[in-house]
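Comments concern the structure below.
Residue numbers (the working numbering), protein chains in the order written: chain B, 1 to 557; chain U, 558 to 1114.
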């Protein structure tokens, strides 16, 4: 978007979808894609492409409601050019990028749009805006990259008070690297690529690569308990975040960077996942690592998903922990292969060999394992993994698919916008559970989604899954689901499928989300996940720190 | 102690000191000890040993104040024999084992003793006692092994309400091991040795060895954010604790065992370190590991503490993380050698060699590094560490000292009781900070302690230190201090030295405690550590969850 005001250095995604203007998914160079989609969700892509219905001028955006006093105060605090009330900017800040968000934004469904978007420039300005919002009894919603898919960004529909969206995009610098300690001080609005670029220049990496990497911020990662593709090595954001600064209603919170501490209930771990309800994260002291000597991602095929899961579990117990453990189920493997540009001759030969070995290619599962460290360490990891893969009937297929995965790993969300144009809805739900429950969690969740499809008369509906992020005691399972709604209202259909999946998570020993936060989308399951007493404690925390419900109210619980 | 009631299966430490009756420190077989002590703190141990002044019958124990109603209710809940009001049991439950506690208990200084000790048998009984305490507006203080040194166990001196000490000692079983996930369900009152015994029998270990191991419980570890000697490999208790059950005023809190989760501010991390202020921990889902194939502790000498610190930092960055990284400063090295039974001929030769190499033996520092895992992994770790040690001018001295350390690591607290008999006070303070601050943290803290001694006219006063627990971004520094008070009141002397050390921690980028909790002893530094806004959030949490201040009031903040 081209905003004409002073905040225009701040990058935003398309108001109507994922990513940057001009970049979109197309399948002309992917011969297997159309047949795959026809089979998967019954959608015929051979006809003429529908237009993308994204004419901003047709939307009716509610007028901004904000007092002159508050406008004057905000402008006095951050500067006139950084207080914005234009419609497009306000719409960009209304939602995240869940399928519910995309459906609503495309339909011009805006029960409540922020009244003003404020772009602060430093910690003090953020603190002043927090103080102003509380004093004026306004609602303040922090905004990072806007990639959230759990409803963490939207104003409560019935909110009558002024709603301020606080965009952190101007605060995008690595302020300092303590090279002795491996600690970088980073402004919260720094987006993934900017962060890595600034660190890489000096030989460092934070090693955090969530799917949203290209359009999410470190502050957003902290606020939602994000996890990245290499978290097996680098840790989740809760491990990476050693210190943090937050503008709270009680004044600036400063948790100094510490390797570990014994200071009672962890305030650091209260800020993690707090989605703006305790304050606005302004700075993060992130653990950083020297860029590794070697970094390799190898691909493997397993004859079944069970075999792949068992191999990943065994790999997670290795003394020489790999950086990525990932295995897709057969459906996701099919999807991945359908988005490839062309199959190599080598692939055809490989599949012949596997068939001859008795593999059912429809059950075959693609896996990626990442290796990082010194040359010797990487070679050791590889040989240990090779042995485990072999034990579980798998076969290594080299670096090729891994390189492709590494390059394309952030592109999937574009496919969702593409599907929407064609009347198809897709979203994701992910969970984590103990190893002992993982197969139940997988099979019962697939079943739950399919039962929901059947009940809704959706035939065929799609659900696929991969394991990512292995821990000593369990792993993350990441489900993607999609269906064609055609002329029907997609929202109740989505609700039904999403709910079935979420309930299956809880019923099978999983959590409501491994790394996508609670927001409004998952809050119905919070009490089941952490027990009613757990919800009560969390509600107590919010009530005590934000009695006026000024800080992103209605999220989490 | 020999209690005559039904709870007598519950093991308690001596009411007047550390450990079990009949075990005490003696130095007849340690020829270097007396000269060392003379030099270190000016105490002459050659005279006749003073008697241990521990005649319980001479103490004046305040009478129990509890209503008949509450007594009846408690007995109805846990059974008559598990509700105890006898004086010795109540005194045992009054304090932990800090030097302040030991001085007071020996002096019969009891401003407030619990009125009743209750021994519940299961989760439901604990919940009922919590509910009864809240309903009766009584104060409830959970009690594990009683080893706390931060004042977390004592009733507030001016407390006028009935004080209940809830002893978890009957709940001491490993209830279940989920062998597929590496998760043990353990009752909170299980003490270290009982825990490891039950796990080892089935081939598992939790790998958590705090100094208090022999007399502390897993519930206590969680309640204080404990760390153990092998935490470099097994993680601190916050890593080990994957799920937890807590009896809270809002009902039973059940956090299911999960490898990771994205459910907002972490309630699990609020329970960790909560010291009974949010409820009573009844069960822990602990991450457990298969007993390692190999376990070796090797000893090294470094020419200076700086060289040792630098080596430990470099070791912490290895891909093949060792299980223990520890280096003592020159003073602690001297202390360790003074408690040895006899020096070997080999040692004398070694020291000659080192002298010839130009080492100043008074600056020499002893280090232990632990190696665990498969045979290959251990051998790899050893050779990588060997190289780093060499680079920093250190020298390996084999397994001998490590075996000794492994056997004697839990005995140090007995020396404190011994010293007390002789009019000497000793205690510990530990912290953690980033690597970049660690030398300042060390030298300035030593200086702060020595300045305090000088101001107090204590000459010589003792302070020594070791690094334990390395992390990617920093490490723990563990200080032990001791002085002879003779005829003076030791308490203000202790306060002065302790305060100087704690303030130095904060002033030099360290935390108030790495693994000993806040309690009452460290709460004066909480706002400086986590900033006033952090304290405010924590106070808000406690006020919201325990508005009547029934749960261990006065601790943390």
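Note that the Cβ used here is the ideal one computed from N, Cα and C, for glycine as well.
None of these values were measured; they are calculated from a predicted model.
| Closest by C-alpha distance to residue 670(U), when choosing among 621(U), 664(U), 883(U) and 939(U) | It is 621(U) whose Cα lies nearest to the Cα of residue 670(U).
| What does residue 1075(U) touch in chain B if you count any residue whose Cβ is under 9 Å from its own? | 262, 263 and 264, listed in chain order.
| Around the Cβ of residue 559(U), are there at least 16 other Cβ atoms within 10 angstroms (buried) or fewer (exposed)? | Note that residue 559(U) has pLDDT 38, beneath the 50 cutoff, so the model's placement of it is unreliable and no number is given.
| request: Could you check the C-alpha separation between residue 532(B) and residue 689(U) for me, to the nearest Å? | output: Residue 532(B) and residue 689(U): Cα-Cα distance of roughly 20 Å.
| Assuming residue 394(B) contacts residue 311(B) under a Cβ cut-off of 8 Å, what Cβ separation, rounded to an integer in Å, is found between them? | For residue 394(B) against residue 311(B), the beta-carbon gap comes to about 6 Å, under 8 Å, which counts as contact.
| task | Starting from the C-beta of residue 890(U), find all residues in its chain whose C-beta is less than 7 Å away, skip the five residues before and the five after it, and write them out in chain order. | result | Cβ neighbours of residue 890(U) within its own chain (closer than 7 Å, five residues either side excluded): 921, 922 and 923.
| said: In this structure, how does DSSP classify residue 881(U) when only helix, strand and coil are distinguished? | reply: Collapsing the DSSP output to three states places residue 881(U) in a strand.
| query | Mind pulling the alpha helix (DSSP H) runs of 4 or more residues that sit fully within the stretch 398-454 of chain B? | reply | Runs found: 400-408 and 412-421.
| task | Flag residue 1090(U) as yes if its beta-carbon sits less than 8 Å from any beta-carbon of chain B, otherwise no. | result | A Cβ of chain B is located within less than 8 Å of the beta carbon of residue 1090(U).
| message | Does residue 331(B) come out as helix, strand or coil in the three-state DSSP assignment? | response | In the structure shown, residue 331(B) falls within a helical segment according to DSSP collapsed to helix, strand and coil.
| Does the beta carbon of residue 1100(U) sit closer than 8 Å to a beta carbon anywhere in chain B? | Interface annotation, residue 1100(U): in contact with chain B, CB-CB separation under 8 Å.
| What residues in the stretch 799-818 of chain U bring their beta carbon closer than 8 Å to a beta carbon of chain B? | Cβ contacts with chain B: 799, 803, 805, 807, 808, 809, 810, 811, 812, 813, 814, 815, 816, 817 and 818.
| query | Between residue 924(U) and chain B, is there a C-beta pair that is closer than 8 Å? | reply | No, residue 924(U) does not count as interfacial toward chain B.
| DSSP on residue 2(B), reduced to helix/strand/coil? | Only weak support is given to the placement of residue 2(B): the predicted model assigns it a pLDDT of 39, under 50, and the value that follows is read from those uncertain coordinates. It is coil, neither helix nor strand.
| request: Return the bridge partner residues of residue 295(B) from the DSSP annotation. | output: Under DSSP, residue 295(B) shares a beta bridge with 372(B).
| message | Do residue 13(B) and residue 19(B) count as a contact pair if the criterion is CB distance below 8 Å? | response | The answer is yes: Cβ separation under 8 Å.
| field | Amino acids of chain U, ordered along the chain, whose beta-carbon sits closer than 7 Å to that of residue 435(B) | value | Ordered by position in chain U, the residues that pass the 7 Å Cβ test against residue 435(B) are 737 and 738.
| Do residue 471(B) and residue 389(B) have their C-beta atoms within less than 8 Å of each other? | Cβ atoms of residue 471(B) and residue 389(B): not closer than 8 Å.
| query | Just how far apart, CA to CA, sit residue 1055(U) and residue 862(U)? | reply | Their backbone Cα atoms lie some 23 Å apart in a straight line.
| task | Could you confirm whether any beta carbon from chain U is found closer than 8 Å to the beta carbon of residue 540(B)? | result | Yes, its Cβ sits closer than 8 Å to a Cβ of chain U.
| Neighbouring residues, chain B, relative to residue 766(U) (Cβ below 9 Å) | Within 9 Å of the CB of residue 766(U), no CB atom of chain B is found; the nearest one sits about 16 Å away.
| task | Could you check the C-alpha separation between residue 604(U) and residue 656(U) for me, to the nearest Å? | result | Spanning the two alpha carbons is a distance of roughly 24 Å.
| message | Among 908(U), 773(U) and 959(U), whose alpha-carbon lies nearest the alpha-carbon of residue 854(U)? | response | Closest in alpha carbon position to residue 854(U), among 908(U), 773(U) and 959(U), is 959(U).
| Can you name the residues that DSSP bridges to residue 721(U)? | In DSSP, residue 721(U) forms a bridge with 673(U) and 697(U).
| query | Going by C-alpha distance, which of 847(U), 909(U) and 926(U) is nearest residue 918(U)? | reply | Residue 909(U) is the option with its Cα nearest to residue 918(U).
| query | Unbroken beta strand (DSSP E) runs of length 3 or more, entirely within the stretch 473-509 of chain B: which are they? | reply | Segments of the beta strand (DSSP E) lying fully in the stretch 473-509 of chain B: 474-484.
| task | For the beta strand (DSSP E) holding residue 795(U), just list the boundary residues, first then last. | result | Segment 794-797 is the alpha helix (DSSP H) holding residue 795(U); no beta strand (DSSP E) there.
| request: Can you grab the Cα-Cα spacing for the pair residue 213(B) / residue 961(U), in whole Å? | output: Residue 213(B) and residue 961(U) have their alpha carbons spaced roughly 50 Å apart.
| query | Can you list, in chain order, the residues of the stretch 466-487 of chain B whose Cβ is nearer than 9 Å to any Cβ on chain U? | reply | Result list: 469, 470, 471, 472, 473, 474, 475 and 476.
| Mapping DSSP to helix, strand and coil, what is residue 281(B)? | Residue 281(B): strand per DSSP, three-state reduction.
| Nearest chain U C-beta to residue 205(B) closer than 8 Å, yes or no? | With 8 Å as the cut-off, residue 205(B) does not count as an interface residue toward chain U.
| field | Status (buried if at least 16 other CB within 10 Å, exposed otherwise) for residue 249(B) | value | So residue 249(B) ends up on the buried side.
| CB contact below 8 Å: residue 1058(U) versus chain B | Not an interface residue.
| query | If we ignore side chains and look at the alpha-carbon of each, how far apart do residue 660(U) and residue 1048(U) end up? | reply | Cα-Cα distance, rounded: 8 Å.
| query | Which of the three DSSP states, helix, strand or coil, is assigned to residue 774(U)? | reply | Strand, per DSSP.
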